[in-house]
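First residue of the sequence shown: 1313, per my numbering; consecutive thereafter. Each residue gets a CB set at the ideal place from its N, CA and C atoms; glycine is no exception. Note that the structure is a prediction, hence the values are computed from the model and not measured. What follows is a short report on a single structure.
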Amino acid sequence: MLIYVGDSGNVVKRILINHCSGNVEGSALRKHIAKEMGFDILREVRKSGSTKYRINLPNPLDGEKIITEYIRSGWWKYVICDSMKEAKGFQWYAIEKLDPLLNINRKSWDETEALQYKELLEELQGSEVLHCNKLREKPTGPGVYALYHNMEPRSCRKVVGKMEMV
């Protein structure tokens, strides 16, 4: 099932650094998965005025490990776009057409680009299925990515140190 669609100026780097590893502060995907798994997210304002997000556990890394395990047990598809502007517009088109589980926000997209976006969607859906460990040597650039998984995040119970199905 389709879990999430996102865009980036460097899709492979975004998937590897912010999603397949990282933390809830650097990834909306990780934050959505954490909430779906039942984790509370603490929001703290730093002295600088920026916001810090972390999982509300005695050791937040325990929760991050569970999220990482979930994401790494899923698979990715992605498509490279001609520009970041195209990627941004196509992301909203793909979200509207595919209705991913965790993409709550919907934004408009340029309807004059519908034919181009339809072709990109076909390319995305037909692209190679990749696990995190197979992405490193793949071409990258601005584009749109999709995370697929055979389980919804909420069907995984949080158990400190590991992920279990409910």
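Rounded C-alpha distance that separates residue i from residue j
i: residue 1402; j: residue 1367; result: 31 Å
i: residue 1453; j: residue 1354; result: 33 Å
i: residue 1439; j: residue 1322; result: 17 Å
i: residue 1357; j: residue 1365; result: 9 Å
i: residue 1463; j: residue 1375; result: 18 Å
i: residue 1393; j: residue 1455; result: 5 Å
i: residue 1419; j: residue 1400; result: 10 Å
i: residue 1421; j: residue 1409; result: 12 Å
i: residue 1468; j: residue 1330; result: 21 Å
For residue i: DSSP bridge partner residues
i: residue 1429; result: Answer is none; residue 1429 lacks a bridge partner.
Residue i burial status per 10 Å Cβ neighbour count (16 or more: buried)
i: residue 1370; result: exposed
i: residue 1466; result: exposed
i: residue 1424; result: exposed
Proximity winner among the options, relative to residue i (alpha-carbon distances)
i: residue 1412; options: 1341, 1352 and 1434; result: 1341
i: residue 1459; options: 1421, 1407, 1338 and 1356; result: 1407
i: residue 1316; options: 1335, 1404 and 1350; result: 1404
i: residue 1391; options: 1461, 1349 and 1327; result: 1327
Inter-residue CB distance, residue i and residue j (contact presumed, cutoff 8 Å)
i: residue 1389; j: residue 1436; result: 6 Å
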